[in-house]
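Asker: Here it is, the structure in full.
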Amino acid sequence: MDLALKETCGCMHRSKLELYEAILAALSRKPQTVDNIAFECDIDCVVLSKLLEFLVRNGLAQQCRSKNKICFALTERGHAINRTFNLAKRLEKLQEHVVAVKEALQAPVDAAKRRI
């Protein structure tokens, strides 16, 4: 199966970093239950529980009770890490735009050189 097909059918595995990033993004909006996070991030509940345990141990998330349900919410440190992920994504997109503009500006110069 080629890479493009794997990406479109969702067969590619995400790295742990990508999973943590998805969880932090989901929790950045509001505290959520394990089931809600699993659905939003498309992660198996058993795997998600282990990932959440890691986030809690490292001070990025915290467990809380809401209406007799166990929820998870981001700590201030978790919000800071999530903002860093978002900034890195924006910088990556900006870098792609800079490369595209540079290539677009180079095309007329290359065409002029060929005419000479």
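To convert a position in the sequence shown, counted from 1, into the working numbering, add 621.
Ideal placement from N, C-alpha and C gives every residue a C-beta, glycine not left out.
#1: For Cys692, which option in Arg635, Gly680, Lys651, Cys662 has the closest C-alpha, if you only look at C-alpha atoms?
#2: For Ala659, which residues of its own chain have a beta-carbon under 8 Å away from its beta-carbon, when the five flanking residues on both sides are left out?
#3: Of the choices Arg678, Leu672, Glu717, Leu695, whose alpha-carbon is the least far from that of Tyr641?
#4: Consult DSSP for Lys651 and reduce its assignment to one of helix, strand or coil.
#5: Looking at the secondary structure, which residues open and close the alpha helix (DSSP H) in which Arg686 lies?
#6: So, for Ala694: in the same chain, excluding its five sequence neighbours on each side, which residues have a beta-carbon less than 7 Å away from its beta-carbon?
#7: Have a look at Gln716, Lys690, Arg698 and flag the residue whose alpha-carbon is nearest the alpha-carbon of Leu676.
#8: In the DSSP assignment, what are the bridge partners of Leu695?
#9: By how many angstroms is the C-alpha of Ile702 removed from the C-alpha of Lys714?
Answerer: Answer, in terms of the structure:
#1: Measuring from the Cα of Cys692, the nearest candidate turns out to be Lys651.
#2: Residues Asp665, Cys666, Leu669 of the same chain have their beta carbon placed closer than 8 Å to that of Ala659, with the five preceding and five following residues left out of the count.
#3: Here the closest residue by C-alpha is Leu672.
#4: If DSSP states are grouped into helix, strand and coil, Lys651 belongs with coil.
#5: Element bounds for Arg686: not the alpha helix (DSSP H) but the beta strand (DSSP E), 682 to 687.
#6: Leu648, Pro652, Ala682, Gln683, Cys685.
#7: Distances from the CA of Leu676 to each of Gln716, Lys690, Arg698 were compared; the closest alpha carbon is that of Arg698.
#8: Leu695 is bridged by DSSP to Ala682.
#9: The alpha-carbon atoms of Lys714 and Ile702 are separated by roughly 19 Å.
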